[in-house]
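Participant: Chains Y and V, in that order, are what the protein sequence lines are.
Using the numbering used here, read the first sequence as starting at 31 and increasing by one per residue.
Using the numbering used here, read the second sequence as starting at 376 and increasing by one per residue.
Below is one structure. I have some questions about it.
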Amino acid sequence: MIAIPYLTALTTFFSYVLLFAFGQIRDIFRKITGWYSSNNLQGYAPICLGLEDFYIRRLYLRIQDCFGRPISSAPDAWFDVVERYSNDNNKTLIRTSKISRCLNLGSYNYLGFAASDEYCTPRVIESMKKYSPSTCSSRVDAGTTSLHEELEKCVANFVGKPAAIVFGMGYVTNSAVLPVLMGKGGLIISDSLNHNSIVNGARGSGATVRVFQHNTPSHLEEVLREQIAEGQPRTHRPWKKIIVIVEGIYSMEGELCKLPEIIAICKKYKAYTYLDEAHSIGAVGKTGRGVCELLGVDPVDVDIMMGTFTKSFGSCGGYIAGSKELIQYLKYTCPAHLYATSLSPPAAEQIISAIKVILGEDGTSRGAQKLARIRENSNFFRSELQKMGFEVLGDNDSPVMPIMLYNPAKIPAFSRECLKQNVAVVTVAFPATPLLLARARICISASHTKEDLIQALEVISRVGDLVGIKYFPAEPKKQQEEEKMLKLE
Amino acid sequence: MMANLYVKAVPPVDLNRNTEWFTYPGVWTTYILILFFAWLLVLSIFGCSPGMAWTIVNLAHFAVTYHFFHWKKGTPFADDQGIYNALTWWEQIDNGKQLTRNRKFLTVVPVVLYLIASHTTDYQHPMLFLNTLAAIVLVIAKFPNMHKVRIFGINADK
């Protein structure tokens with residue numbers, strides 16, 4: 031639950047009104063000055079309708095230097111950010127050859143596999159020499175290597191399902207599988223804050239899409255009852271299939287899904303469940319098996335489990351795990367399997383090795399250490415930030431923590447000031463988040479050491495004071511010391 | 376002092392990013408405060424009587440809200456692939472549901488502005504005529520029966 035100070039809400043609305051007004055005035059001037067320049071494209075339709083690119087031209091381009099910063103090293107705990115400058119007020123950015131070494135608080139590097147790893151990297155290089163970087167074919171033609179077979183078995187084992195299928199891209203996994211599973215006459219009920227890939231897949235399937243209030247099982251039940259009672263839109267016939275789509279960890283909120291309650295409701299009304307574990311697989315749970323392990327849900331109760339390999343495993347691609355019949359069906363209908371190039375073999379080897387490290391099958395306890403470290407790091411960082419007075423979202427144990435900024439001017443202020451002090455953060459604004467709720471999203475990694483985190487906390491605290499985002503009262507340090515004294519006595 | 380007043384921001388179920396910001400707490404207050412500060416601004420720039428200032432605010436409000444609520448169609452970003460390109464902002468809010476609290480509030484504001492402007496100008500012409508015209512056009516544009524209606528094809532799609 032996000033609690034905005036009322037005054038901040040008012041000033042945020044006012045800032046957006048001001049930005050909007052200035053953008054419109056600039057557009058009027060552009061129309062006047064552009065009247066005289068002739069264009070030799072008479073009769074062609076315009077590429078952008080008048081209002082469509084307003085947000086990009088007048089709001090996003092002003093702070094463009096805070097997004098899309100190029101990096102020139104592996105996204106480890108510390109990485110090199112390329113400096114850019116602009117001569118025309120951020121409309122175009124020019125790269126320089128200077129780099130600055132910054133602390134990485136933005137990459138989805140939950141278990142630290144993003145940089146060279148002592149077990150994974152030699153095996154990846156070997157597989158690249160043996161199988162070459164690309165299979166140059168789709169899975170059904172000549173693109174299935176023994177690595178792909180091993181990977182699918184490995185993933186199914188890891189997640190706790192009978193079978194799995196892997197794809198070359200995480201986004202495509204959602205947007206190409208949903209149209210295959212659901213069609214016209216089906217009902218998709220998805221959480222209101224689901225990722226764009228799910229929204230895209232749902233739209234492309236042709237099924238009716240309904241949205242329930244974020245992470246609210248009671249509203250899900252209400253929507254289910256209403257839809258089952260009404261039936262299909264005009265004919266009122268019963269739905270062919272009902273599927274409920276939720277995510278394990280919501281990447282913009284850092285919240286865990288209320289999985290046990292949602293599964294109970296779905297079983298009651300006989301709807302299928304689809305769990306997107308993009309951010310939670312490998313990062314939460316005692317042995318890294320994701321939200322099901324953390325919340326004590328049997329994987330048998332979730333019908334379709336989806337995940338990606340880009341976050342915790344340091345690779346690329348996505349998977350779907352489910353029953354043998356489901357995977358067999360996907361293998362002969364899903365266009366991403368039939369026509370898209372298969373997963374790159376070195377990437378597949380990276381995932382297999384990463385899973386082996388997590389499960390401890392490489393002979394060391396590095397996997398367990400990484401999991402323990404990311405849990406400790408996340409809880410430490412979150413509690414320290416909350417003590418300083420920041421508004422931090424997300425549940426305990428979740429490695430994603432958004433810090434609320436709200437005002438549009440604080441987004442570039444926070445981002446640029448942190449970069450000056452060598453901490454690289456990712457800031458997110460409208461339309462990826464609701465208009466009022468702009469935030470800076472921090473992703474903690476197992477490769478962050480305690481010193482890194484303490485340095486990051488100092489920088490964020492300093493910048494937070496400068497920018498004015500400590501919306502909650504900070505816990506005074508003296509009170510904590512007095513409590514300690516009382517406990518000792 | 377005022378910063379200690381916190382309000383809960385519940386993420387709404389509205390998928391249209393162009394209109395869902397209107398469901399958050401604080402919008403109505405911001406709207407009223409902008410009108411009030413605009414009146415103060417007009418008073419200080421033009422140095423006219425309070426009634427004249429309210430008339431200017433009323434007419435400017437008419438021009439701005441008619442243009443952005445009832446004339447401009449679509450959304451200012453391309454993510455939604457143009458599904459709202461035939462609808463004005465007024466037709467998009469609350470997912471097209473009529474007579475919601477937001478719509479009732481937005482209909483009352485031009486009427487209240489009209490009453491203030493005509494009262495402070497002592498119902499003199501020509502201000503009264505202009506104010507009345509502004510109020511009538513705005514209120515009629517917000518009727519539920521005018522949903523998706525394009526009179527004489529003005530502002531309709533090609």
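Ideal placement from N, C-alpha and C gives every residue a C-beta, glycine not left out.
Note that this is a predicted model, so its numbers are computed, not measured.
Mind checking M376/V: buried by the 16 CB within 10 Å criterion, or exposed?
Facilitator: Only weak support exists for where M376/V lies, its pLDDT of 43 falling under 50; the value from the coordinates is given anyway. It counts as exposed.
Participant: Using a C-beta to C-beta distance shorter than 7 Å, which residues of chain Y count as neighbours of L380/V?
Facilitator: P35, Y36
Participant: Determine which residues of the segment 380-412 of chain V have a Cβ less than 8 Å from any Cβ of chain Y, and write them out in chain order.
Facilitator: L380, Y381, V382, K383, A384, V385, P386, P387, V388, L390, R392, E395, W396, Y399, P400, G401, V402, T404, T405, L408, I409
Participant: Determine whether the beta carbon atoms of Y161/Y and L177/Y lie at a separation below 8 Å.
Facilitator: Judged by beta-carbon spacing, L177/Y lies within the 8 Å limit of Y161/Y, meaning their Cβ atoms are closer than that value.
Participant: Answer with yes or no whether the minimum CB distance from G460/V to chain Y is below 8 Å.
Facilitator: The sequence shown places Asn at residue 460/V, rather than the Gly named in the question. Yes, N460/V lies at the interface with chain Y (some Cβ there is under 8 Å from its Cβ).
Participant: Could you give the residue range of the beta strand (DSSP E) that holds P329/Y?
Facilitator: Counting along the chain, P329/Y falls outside any beta strand (DSSP E), and DSSP gives it neither H nor E.
Participant: Check each candidate in G498/Y, E291/Y, V422/Y and name the one with the smallest Cα separation from G548/Y.
Facilitator: Since the first and last residues shown for chain Y are 31 and 519, residue 548/Y lies out of range.
Participant: Following the continuous alpha helix (DSSP H) through M502/V, name the residue where it begins and the one where it ends.
Facilitator: 502-516
Participant: In terms of residue numbering, what span does the beta strand (DSSP E) encompassing E251/Y cover?
Facilitator: Note, E251/Y: premise wrong, no beta strand (DSSP E); alpha helix (DSSP H) at 247-260.
Participant: Indicate whether M158/Y and P503/Y have their beta-carbon atoms separated by less than 8 Å.
Facilitator: Their beta carbons are not under 8 Å apart, which means M158/Y does not touch P503/Y by this criterion.
Participant: Using only the alpha-carbon positions, how far apart do R92/Y and V432/V sit?
Facilitator: 30 Å
Participant: Relative to the C-alpha of R153/Y, which candidate in Q94/Y, S383/Y, A486/Y has its C-alpha closest?
Facilitator: S383/Y
Participant: Tell me the rounded alpha-carbon separation between R125/Y and K450/Y.
Facilitator: Pairing R125/Y with K450/Y, the inter-Cα distance amounts to about 17 Å.
Participant: Does the segment 354-366 of chain Y come into contact with the segment 138-146 of chain Y, if we say contact requires no fewer than three beta-carbon pairs (one atom in each stretch) closer than 8 Å?
Facilitator: no
Participant: How many angstroms separate the CA atom of E252/Y from the CA atom of R131/Y?
Facilitator: 51 Å
Participant: Counting only beta-carbon atoms, is Y479/V nearer than 8 Å to chain Y?
Facilitator: A small fix is needed here, since residue 479/V is Lys in this sequence, not Tyr. It does not: the Cβ of K479/V has no partner Cβ on chain Y nearer than 8 Å.
Participant: Can you give me the C-alpha to C-alpha distance between I55/Y and G426/V, rounded to a whole angstrom?
Facilitator: 27 Å
Participant: With a threshold of 8 Å between beta-carbons, can L49/Y be considered close to chain V, or not?
Facilitator: no
Participant: Going by DSSP, which residues form a beta bridge with Y381/V?
Facilitator: P35/Y
Participant: So, with DSSP's three-state summary, where would you put K341/Y?
Facilitator: coil
Participant: Could you check if Q380/Y is buried or exposed, using at least 16 other CB atoms within 10 Å of its CB as the buried criterion?
Facilitator: By the 10 Å Cβ count, Q380/Y comes out buried.
Participant: Since A232/Y contacts S220/Y with CB under 8 Å, what's their CB separation in whole angstroms?
Facilitator: 6 Å
Participant: Since K447/V contacts L81/Y with CB under 8 Å, what's their CB separation in whole angstroms?
Facilitator: 6 Å
Participant: Taking just the CA atoms, how far does Q456/V sit from G449/V?
Facilitator: Each residue's alpha carbon lies about 10 Å from the other.
Participant: Quick check on M418/Y: does DSSP put it in helix, strand or coil?
Facilitator: helix
Participant: Taking Cβ to Cβ, would you say K523/V is nearer than 8 Å to T482/V?
Facilitator: Taking the C-beta atoms as reference points, T482/V is found no nearer than 8 Å to K523/V.
Participant: Starting from I27/Y, trace the beta strand (DSSP E) both ways and give me its first and last residue.
Facilitator: Nothing can be reported for residue 27/Y: it is not among the residues displayed for chain Y, which extend from 31 to 519.
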